[in-house]
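Protein chains in written order, with the numbering used here: chain C, 1 to 419; chain H, 420 to 719; chain L, 720 to 1016.
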Amino acid sequence: MKGSVLAILAVLSFGSLSLAGAQAKLTMIDNPEGQSDAMVALENAAQAKTGVALNVEVVPPDQVNVKLETALAAKVSAYDLFVIDIIDLPKYAAAGWVAPLNNFISPQMQKDILPFAKQGVYSNGQWLALPWKAEFMSFAYNKKMLSDAGFDHAPATWDELIKMSVALKAKKLVDFPMVFTWGAGYEQITSDYTMLVADLGGTLFDDKGEPAFNKGAGVKALQMMYDMMYVQKIVDPSALTIKGGGTRRDLLAGGQGAFAFLWGTPLVDLNDAKKSSLAGQFDIALAPRGAGGPYSLAGPMGLAITSTCKDKDAAWKILSSLAGPEGEKEMFLKDGAPTGWRSVLQDPDVAASLAKSGGAVMAKQAEYIAIRPALAYYGEWSSALQDTVQRVLVKKVGVQKGLDDLAKLTKELKAKYTK
Amino acid sequence: MSYSLSLRRHGAMSTVFLMTPSLILIFGLLLAPLGYSLAISLFDLHATAPWLGVRFVGLGNFAKALSSPAFGAAVARTLYLSAVGIGLGIPISLGFALILNRPFKLRGLVRGLLIVPWVIPGSVQGLLWSRIFDPHYGALNGILLQLGLIDSYVPWLIDPARALLMVALANLWSTVPMLTLLYLAGLQGIPKELYEAASVDGSTSVGSFWRITFPLLLPVTLITLILKTIDAFSLFDLVYILTGGGPADSTQVTGYYLYQAAFTSLDYGYASALAWIIALATGCLAFFYSKLTRTEEESR
Amino acid sequence: MTREMRMPRRLAGSTVQALLVILVMLFTLGPVLWLIASSVAEPKDLLSRPPRWLSWPPDFSKYRELIAGSGDGARATTLTESTLRSFRYAMGNSLVTSCGVTFLCLALGTLSGYATARSRSNTGKKLIYLMLLVQMLPVVVLLVPLFLILSKLGLLDRLGMVIVLLSAIHLPFVIWILRGYFQGIPMELEEAAVVDGATKLQVIRKVILPLSLPGLFAAGTYTFMQSWNAFMIPLIFTSSDSTRTVTVAISMFVGRHYTDYGLMSAAGVLASLPPMLLAIFFQRYLLAGLTAGAVKG
């Protein structure tokens, strides 16, 4: 009798232990790659400066959106700050999950934001985030490896890149010169494919919003990916099991590759002797082009406040400290994290560092930027695309058939997601 | 005796009362959610498109599951996994058990160590095998190269068919030792007189194996068959870490398929329907299992 | 095949036997030994083809990094100090979770096990069969509704909830095990205690528990191991460093920190340490726990 009561109390107290510990601070959700040592230092500094307490929840990358969207859909204020990617912007805006910043952001700030960065934070007249790591991919290559093979410049076209890679491989300088990471369920697949389509002069969707990837450049791009892996053999087949931009950088820095597309300001880390064993051998160049232009892909991101946040004033304070010009300048100087603020780019320290890390090239690249399609059903579409690419690359389905199936699925998704 | 029986054994009310906390826990956290799960399976929750609202679809999710080629493929892969586990696992375990059945020094220690693969957490197993199967620096490639069986490194987890086989073998590794222990226990339950009688009758050791050992171990074998099949349907940890279902979904077994439906696609209604279908399937298997153990007990 | 008949062939047989036993051990422990060897290997040994199997002297720096954090902060890979720190938290979380679940299951299991062992009618047995039936269902059936309910209540990402959930899942089996042990205790002992004026609870405490220590150990070690190894539930119901268990933390190592194999292996070894220690030292109890369900009627 007494025992049962005691036991019931035990269970209840365990339960309430879980109810207790309500958080009095703001919570930001992020993935491990975003929480570099520099970022952690910035977070601490921002808390000290603004007096707002911030708790950062680090979650595996494929869990971030799940946890975030679940909380938002249930209208539970588990998270206050989060990193929003341009590909999620349409969905989050339509669902009303982001708190508009129009009342917080000053006209001066609005003018300071670079145009391509604005795409990631502004939608339908509403400012939804501050630019955060508004980055695009840079084409990095191992200059020394190329000169060892007798090449004195970076490839300007994809044909040239393939020729050079075949030569590098023949001279046994490297087994798989072109580094890609196309692991299962990895967004990079979509990024790389979109970029290639742009380089070859095509688009994924036509003006009417209908799928265009199963003809022309779309088909050529996927065929090229296949050929690079199985015909010219310059891309490692085990790329299909690898994920991570850091991994691509490590492969390049370890001499396991000659060419790679890297986010951010890659030369900062690649030529840093503490982080890279082949420091000093790297440079960046404009992306190789095909029939189109030397396009690279941008993924302007933003740091945003959730609509469920209970204290938006405090959230804005710490947000502007982290993602405002001063914060972004810190992140650039320490991590090479790119910025979306004009004033930061013009800052003398930043300009000097940029000049050393290929700033001139990056400025030129900024004129040839492609972005991924803005779809309310982007998540599902991108998953389907990644699946298609993987199936083609494991030879389960042909290029044309794979893309045709994808086009059919896309039309179904579109129909399902419009009221 | 009957006097003390009525004094000590308590009635239904007393039983239930002592069990109240357990019942609260189990009914609250296990049975109630089951009902909710059934309810969810009848709706499309549109978690990723909240502007579309919640829609009642009746048995739509179930129909979609049963007609889905992806789900069918996942079930096929799961059955393949259990087939490998049974087809290879039983002979290997039986062999090991026969080897360990003879007395030798340190036998106790060896038997004790058999349990190690089973206790290693599933995610660590995934880590372990991803290292062993690594296409550039893995142990499997290293050993085969040194033994001269291959002349260049093989990317084990790229080819779809091979990837699934590798997952099946990795899973096999963790279950064979336990099965060996079960067979060992079974072997030691066979009276030596049976063998002596057989050899007096002129039977060879191979003959006595097929005529005595194998039939007497049949109950263990049958139970293993069913349990391994049930387990295959919930395999998740290993696949999540080792292959993530890839490449190109070639290692997507039902456990992983379900996880993706629920927590990657956030399609809760569909995932609940899937879960119920799998639950019913494994429930039938569990039913056969309990029937088997019941007849087992009765025949003793 | 009596001993006398086998005698002359014993010597040759035992060499073959020894080789076969070594084969069995290689199969069983080979992978684990390689994991351990990798964790103390020098990085370049792991990155050669074929890998150097044994590094001497062993390099324990990876363990130092995991346990105490590294000093210089700059790293050649994407591994950051925050990931290392989160691994340490995760080990602690796993310990708390497993202890909590074991305690809860043993406490509640004792009461219910006793109740069903001594019940007059068949209520006890029927309740247990019902609970076991629920337990046989694949866990996924429960995950979606629990996830939705808890997320609405804002109870996601709480260690207490993980403990309660895991306990609910393992409780039926614990009750089953303990019931078996309790039934083996002669009722005369209980009667003697009752005659001396003991209440039911006191009977449990003074008579039943001391006599069923093996059973408690069996149920306890089994439950501890199962909770430590739990993956799907912590994966789904935790998100932050302060709640994540070590099995989930391992998943953050694979695929990310591609080239630091030694570190990954060391993490794997540390994460498997408690279950392996239990397996080696409490093997008898673990096996008893496992077979109790299958054997006892």
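Just so you know, even glycine gets a beta-carbon here, dropped at the ideal spot from N, CA and C. Computed from a prediction, not measured in an experiment: that's the story for all the values here.
Are alanine 938 of chain L and lysine 925 of chain L touching if we call contact CB-CB under 8 Å? no
Could you pull out every residue in the same chain whose Cβ sits closer than 6 Å to the Cβ of alanine 795 of chain L, ignoring the five residues on either side in sequence? Its pLDDT being 44, under 50, alanine 795 of chain L is placed unreliably in this model, and the value from its coordinates should be taken loosely. Spatial neighbours of alanine 795 of chain L in its own chain (CB-CB distance under 6 Å, excluding positions within 5 residues in sequence) are not present.
Taking 8 Å as the threshold, find out whether the region 961 to 970 of chain L comes into contact with the region 943 to 950 of chain L through three or more Cβ pairs. yes
Determine whether the Cβ of threonine 802 of chain L lies closer than 8 Å to any Cβ atom of chain C. yes
Checking 8 Å against the spacing of the C-beta atoms, do methionine 301 of chain C and isoleucine 29 of chain C come in under that value? Not closer than 8 Å, so no.
Any idea if aspartate 620 of chain H is buried or exposed, counting beta-carbon neighbours within 10 angstroms, 16 or more meaning buried? exposed
Let me know if isoleucine 882 of chain L comes out buried or exposed under the rule of 16 or more other beta-carbons within 10 Å of its beta-carbon. buried
Any C-beta of chain H under 8 Å from that of leucine 448 of chain C: Residue 448 of chain C falls outside the range modelled here, since chain C spans only 1 to 419, and no answer is possible.
Please look up how many angstroms separate the CB atoms of alanine 315 of chain C and phenylalanine 139 of chain C, rounded, as I've assumed it's under 8 Å. Rounded, the Cβ-Cβ distance is 37 Å, inconsistent with contact.
Residue ranges of each alpha helix (DSSP H) within the region 557 to 645 of chain H, 4 or longer: The region 557 to 645 of chain H is shown to contain whole alpha helix (DSSP H) runs of 4 or more residues at 558 to 565, 579 to 607, 611 to 619, 624 to 627, in chain order.
When the cut-off is 8 Å and only beta carbons count, does threonine 241 of chain C lie next to chain H? Proximity of threonine 241 of chain C to chain H, defined by a Cβ-Cβ separation below 8 Å, is satisfied.
Taking the alpha helix (DSSP H) that serine 501 of chain H falls in, what are its first and last residues? 488 to 520
Tell me the DSSP bridge mates of methionine 301 of chain C? The partner list for methionine 301 of chain C (beta bridge, DSSP) reads C:Asp85, C:Trp132.
Using CA coordinates, which residue listed in C:Leu413, C:Lys395, C:Val394, C:Gln390 is at the minimum distance from isoleucine 375 of chain C? Per the sequence shown, the amino acid found at residue 375 of chain C is leucine instead of isoleucine. That would be C:Leu413, whose Cα lies nearest to the Cα of leucine 375 of chain C.
Who are the Cβ neighbours of proline 510 of chain H in its own chain at under 6 Å, not counting the five residues just before and after it? none
Given a cut-off of 8 Å, decide if alanine 986 of chain L and leucine 752 of chain L are closer than it, judged by their beta-carbon atoms. no
Using C-beta distances below 8 Å, list every residue in its chain close to leucine 830 of chain L, excluding the 5 sequence neighbours before and after it, in chain order. Ile923.
With a threshold of 16 other CB atoms inside 10 Å of the CB of leucine 867 of chain L, please say whether the residue is buried or exposed. With 16 or more Cβ atoms within 10 Å of its Cβ, leucine 867 of chain L is classed as buried.
Proximity winner among C:His153, C:Met178, C:Gly201, relative to isoleucine 162 of chain C (alpha-carbon distances): C:Met178
Does the beta carbon of serine 870 of chain L sit closer than 8 Å to a beta carbon anywhere in chain C? yes
Ignore the nearest five residues each way along the sequence and tell me which others in serine 343 of chain C's own chain have a CB closer than 8 Å to its CB. Asp112, Pro325
List, from N- to C-terminal side, the alpha helix (DSSP H) runs of 4 residues or more that fit wholly inside the region 901 to 981 of chain L. DSSP runs (the alpha helix (DSSP H)) wholly in the region 901 to 981 of chain L: 906 to 914, 919 to 922, 932 to 948, 951 to 956, 965 to 970.
Please identify the residue among C:Leu240, C:Asp272, C:Asp269 whose C-alpha is closest to the C-alpha of aspartate 387 of chain C. C:Leu240
Span of the alpha helix (DSSP H), counted from its first residue to its last, around phenylalanine 180 of chain C: Unbroken run through phenylalanine 180 of chain C: none, as it is neither H nor E.
Inter-residue Cα distance where the pair is tryptophan 341 of chain C and leucine 333 of chain C: 14 Å
Other residues of its chain near tryptophan 263 of chain C: CB distance less than 6 Å, five sequence neighbours each side excluded: Glu135, Met137, Gly245
Against alanine 466 of chain H, what residues of chain C qualify as contacts under a CB-to-CB distance less than 9 Å, listed in chain order? Correct list: Glu69, Thr70, Ala73.
What would DSSP say about tryptophan 263 of chain C, mapped onto helix, strand or coil? strand
Any C-beta of chain H within less than 8 Å: which residues of the region 173 to 191 of chain C qualify? Under the 8 Å Cβ criterion, the region 173 to 191 of chain C contributes Gly183, Ala184, Gly185.
Are the C-beta of threonine 918 of chain L and some C-beta of chain H separated by less than 8 Å? no
Give a yes or no on whether 8 Å exceeds the smallest Cβ distance from glycine 792 of chain L to chain C. Low local confidence applies: a pLDDT of 49 at glycine 792 of chain L is under 50, so the model's placement there is unreliable, and no value is given.
Against chain H: residues of the region 946 to 964 of chain L by CB proximity under 9 Å: Going along the region 946 to 964 of chain L in chain order, one finds Trp947, Asn948, Ala949, Phe950, Met951, Leu954, Ile955 with a Cβ nearer than 9 Å to chain H.
Output yes or no for whether 8 Å exceeds the beta carbon distance between leucine 385 of chain C and tyrosine 226 of chain C. no
Cβ neighbours of leucine 654 of chain H in the same chain (closer than 6 Å, five flanking residues each side left out): Val672, Gly674
From the DSSP output, in three-state form, read off tyrosine 79 of chain C for me. It is coil, neither helix nor strand.
What residues in the region 859 to 883 of chain L bring their beta carbon closer than 9 Å to a beta carbon of chain C? Phe866, Leu867, Ser870, Lys871, Leu872, Gly873, Leu874, Leu875, Asp876, Arg877, Leu878, Gly879, Met880, Val881, Ile882, Val883
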